[in-house]
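If you're matching them up, the sequences are chains A and B in order.
Note that the numbering used here has the first sequence beginning at 44, numbered continuously upward.
Note that the numbering used here has the second sequence beginning at 139, numbered continuously upward.
Glycine residues also receive a C-beta, built at the ideal position from the N, C-alpha and C atoms.
Here the structure is laid out as structure tokens; the discussion comes afterwards.
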Amino acid sequence: MSQEESSLLSRLSDAVLAMDEAETVRLAQELLVQRIDPGRGIEAGLVDGMRRAGDLFEREEYFIPELLICSDAMYAGLRVLQPHLPSGAAERKKGIVVIGVVEGDTHDIGKNLVRIMLETAGFEVVDLGRDVPPATFVERAESAGAHIIGLSTLMTTTMGAMSEVIRRLDERQARSRIKVMVGGGPVSQQFANRIGADGYAANASGAVAVATRLRQAPAESRVP
Amino acid sequence: MNPLAPRERLLGVLGKKLVDRPPVICTGGMMNAAIVEVMQKTGLTLPEAHFSGAKMAALAEAVSEHTGFENIGVPFCMTVEAELFGSRIDHGTLACEPKIQTEAFTSLTKVKISPGAARAGRAVVVAEAVDRLSRKRPDFPVVATLTGPVSVAASIVDPVTFLKELRTRREDAHRVLGEVTAVLAEYAGALVAAGATVIAVGDPTSTVEILGPQLFQEYAVRYLNDLIGAIHALAAPVIVHICGRLGNGTRLLPGLISDAISVDAMVSLKRLKADAPALVTMGNLSTYLLQWGPPDKIAERAVELVRDGVNIIAPACGLSTSTTLASITAMTRAVKEGPS
Numbered sequence: 044m045s046q047e048e049s050s051l052l053s054r055l056s057d058a059v060l061a062m063d064e065a066e067t068v069r070l071a072q073e074l075l076v077q078r079i080d081p082g083r084g085i086e087a088g089l090v091d092g093m094r095r096a097g098d099l100f101e102r103e104e105y106f107i108p109e110l111l112i113c114s115d116a117m118y119a120g121l122r123v124l125q126p127h128l129p130s131g132a133a134e135r136k137k138g139i140v141v142i143g144v145v146e147g148d149t150h151d152i153g154k155n156l157v158r159i160m161l162e163t164a165g166f167e168v169v170d171l172g173r174d175v176p177p178a179t180f181v182e183r184a185e186s187a188g189a190h191i192i193g194l195s196t197l198m199t200t201t202m203g204a205m206s207e208v209i210r211r212l213d214e215r216q217a218r219s220r221i222k223v224m225v226g227g228g229p230v231s232q233q234f235a236n237r238i239g240a241d242g243y244a245a246n247a248s249g250a251v252a253v254a255t256r257l258r259q260a261p262a263e264s265r266v267p
Numbered sequence: 139m140n141p142l143a144p145r146e147r148l149l150g151v152l153g154k155k156l157v158d159r160p161p162v163i164c165t166g167g168m169m170n171a172a173i174v175e176v177m178q179k180t181g182l183t184l185p186e187a188h189f190s191g192a193k194m195a196a197l198a199e200a201v202s203e204h205t206g207f208e209n210i211g212v213p214f215c216m217t218v219e220a221e222l223f224g225s226r227i228d229h230g231t232l233a234c235e236p237k238i239q240t241e242a243f244t245s246l247t248k249v250k251i252s253p254g255a256a257r258a259g260r261a262v263v264v265a266e267a268v269d270r271l272s273r274k275r276p277d278f279p280v281v282a283t284l285t286g287p288v289s290v291a292a293s294i295v296d297p298v299t300f301l302k303e304l305r306t307r308r309e310d311a312h313r314v315l316g317e318v319t320a321v322l323a324e325y326a327g328a329l330v331a332a333g334a335t336v337i338a339v340g341d342p343t344s345t346v347e348i349l350g351p352q353l354f355q356e357y358a359v360r361y362l363n364d365l366i367g368a369i370h371a372l373a374a375p376v377i378v379h380i381c382g383r384l385g386n387g388t389r390l391l392p393g394l395i396s397d398a399i400s401v402d403a404m405v406s407l408k409r410l411k412a413d414a415p416a417l418v419t420m421g422n423l424s425t426y427l428l429q430w431g432p433p434d435k436i437a438e439r440a441v442e443l444v445r446d447g448v449n450i451i452a453p454a455c456g457l458s459t460s461t462t463l464a465s466i467t468a469m470t471r472a473v474k475e476g477p478s
């Protein structure tokens, strides 16, 4: 890697971290002009910047507004670089995750953060949005060949729908293929254990750790 | 000391006076106790009670009677305000609380607020309920709950855009929050005029966890204090509920000028008291424990909160509507009986 290339990549990463969407787009275009591999631009530039933003989030230096603005910059850069990826480029997929809010209002910010951080970590995410019925989670997970279903809720009254998803997977004997992770305001580790979910995450970076663990140990037995 | 009437006790605590024991209350709004069991027992049901002052008052009184909470709390949701500003609301069902369906605006830059907003819609219904309750039950504190400025703003503008624009469109953010706060202050004024004893403000979007300490200070503390100041000018006390983890935002709480601060279950009120002894604290019995825990554990935890010197005992957050009366009365009875 030339010095120019590494300098451009680190500036791209910095632009994402600095929440500077215009600069991110400008640098991504410059990268194309310089004929630098767009795949490297994505990994060592955009995603690297977003990962650093995630680190700052975890250290409580960045909060949700900052993370959202960084992700806008990252996605804007992706829109520039992705069309230039050679077809058949090596997939960076760590797994497919279907996520959605069981029942909630538009304050599904947590779910959006989970999507952003999972995508940053290399997962393909199918986002079903909010007010998703249990049957839809299962159908969409099967049709997408998903490895994980991520369920979130904001309403305590609808937490039963989470166990319903698990019951339906059980019925289809799909639990070894499709893992279930849960999160959201009223949900806790205790609750996850109670309904037999494979994992619980309190926040977006936790969700990445749980999804990674579930992919690494697919045969691991779940907490009773 | 003779046992105090519930109204005197709550006002006493909020006025930093010595009282016989902490009151046990549930404010209403996002933290209301209109559980399915009470509605089934009494036939007073949601969603109907969201739209009629008489029905809202009747259900609120029944909730207080059956649960043993020492206040009467209205309304039963946190969407009244967003609806005033034009957001579309799904009013829910008997078991499921109302929620925002579509925000009125796509961006802070587009927000236009009509000056008469506070005197319309369900604001009038809530004021009518307060009026009925304060006449009928002079011995009981009528707590009217508002949604705080940041949460209202995040319910009238798409919340993801809103959160970003708190950083990228500071001028617009301050303009909108100022205007929203003015409408909320007018609404609070109508509630106090109708006889509300206490105004509670729940501001679930405005947490240190979501905003971080800097934006929490810049927006949440500033506009909450503007609102509280306006209510204080009417000689009514104010309770503020802050959701979520506080982390190093704990130091910002004493900056709030409310008469009491309520926090979520994960915050140690014992430590908060130690850090800021002057704060009047409220909370924070886990709603998870209330929903799932055995009554004896619930009672134990309630007594522990009393022992820790918490000034007002209350659920830590929004109650699940499937919580049972047996669980809630275990909590209220334990506080009334006190540590043995």
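The beta carbon of residue 441 of chain B is closer than 6 angstroms to those of 472, 477 in its chain, skipping five residues each way along the sequence. When C-beta atoms of the stretch 386-393 of chain B are compared with those of the stretch 174-190 of chain B, fewer than three pairs fall below 8 angstroms, so the two segments do not count as touching. Along the length of the stretch 146-232 of chain A, whole beta strand (DSSP E) runs at least 3 residues long occupy 167-170, 191-195, 222-226, reported in chain order.
When only Cα atoms are considered, residue 194 of chain A and residue 154 of chain A end up about 9 angstroms apart. Scanning the stretch 170-242 of chain B from its first residue to its last, the whole alpha helix (DSSP H) runs of 4-plus residues come out as 174-180, 191-205, 218-222.
Contact check for residue 321 of chain B and residue 286 of chain B: beta-carbon distance about 13 angstroms, past the 8 angstroms limit, so the pair fails to qualify.
Of all residues in the stretch 305-329 of chain B, the ones placed with a Cβ closer than 8 angstroms to any Cβ belonging to chain A are 305, 306, in chain order. Within the same chain, 79 come within 6 angstroms of residue 48 of chain A by CB-CB distance, once the 5 residues on both sides are set aside. Residue nearest to residue 326 of chain B within the set B:294, B:377, B:349 is B:377 (criterion: CA-CA distance). DSSP places residue 420 of chain B inside the beta strand (DSSP E), whose first and last residues are 419-423. Neighbours of residue 349 of chain B in chain A, taken as residues at a C-beta separation under 8 angstroms, are given in chain order as 106, 107, 108. Within the stretch 373-429 of chain B, the complete beta strand (DSSP E) segments at least 3 residues long are 376-380, 398-401, 419-423, listed from N- to C-terminus.
Here residue 303 of chain B has 245, 246, 247, 295, 310, 311 as same chain residues with Cβ atoms under 8 angstroms from its own Cβ, once five neighbours each way along the sequence are excluded. Interface with chain B (8 angstroms Cβ-Cβ cutoff): residue 112 of chain A is included. Residue 162 of chain B: not part of any alpha helix (DSSP H); DSSP gives it neither H nor E.
Contact check for residue 425 of chain B and residue 460 of chain B: beta-carbon distance about 11 angstroms, past the 8 angstroms limit, so the pair fails to qualify. Spatial neighbours of residue 253 of chain A in its own chain (CB-CB distance under 6 angstroms, excluding positions within 5 residues in sequence) are listed in chain order as 224, 242, 244.
Distance from the CA of residue 355 of chain B to the CA of residue 344 of chain B, rounded to the nearest whole angstrom, comes to 10 angstroms. Excluding sequence positions up to five before and after residue 319 of chain B, its CB lies within less than 7 angstroms of the CB of 287, 361, 364, 365, all in the same chain and listed in chain order. Residue environment analysis places residue 222 of chain A among the buried positions, since at least 16 neighbouring C-beta atoms fall within 10 angstroms of its C-beta. Contact of residue 231 of chain A with chain B by beta-carbon distance below 7 angstroms involves 426.
Membership of residue 151 of chain B in the alpha helix (DSSP H) is indicated by the continuous run 144-152. A straight-line Cα-Cα distance of about 44 angstroms links residue 229 of chain B and residue 124 of chain A. Bridge partners of residue 453 of chain B according to DSSP: B:423. Inter-residue distance for residue 200 of chain B and residue 397 of chain B is about 27 angstroms (C-alpha atoms, whole angstroms). DSSP places residue 285 of chain B in the uninterrupted beta strand (DSSP E) bounded by 280-285.
Per DSSP, reduced to three states, the secondary structure at residue 118 of chain A is helical.
Assigned with DSSP and collapsed to three states, residue 79 of chain A falls in coil, not helix or strand.
Inclusion of residue 268 of chain B and residue 212 of chain B in the CB contact set at 8 angstroms is warranted, their separation being smaller than that value.
Interface residue (Cβ-Cβ distance to chain A less than 8 angstroms): residue 453 of chain B is not classified as such. Judged by their CB atoms, residue 231 of chain A and residue 160 of chain A are not nearer to each other than the 8 angstroms cut-off. By the neighbour-count criterion, in which a residue is buried when 16 or more other Cβ atoms sit within 10 angstroms of its Cβ, residue 314 of chain B is buried. The C-beta separation of residue 283 of chain B from residue 166 of chain B comes to about 4 angstroms, placing the pair in contact by the 8 angstroms criterion. Contact annotation, residue 160 of chain B with residue 450 of chain B: C-beta distance approximately 6 angstroms; criterion of less than 8 angstroms satisfied. Interface with chain B (8 angstroms Cβ-Cβ cutoff): residue 47 of chain A is excluded. Distance check between residue 219 of chain B and each of B:454, B:203, B:236, B:455 places B:236 closest, using alpha-carbon atoms only.
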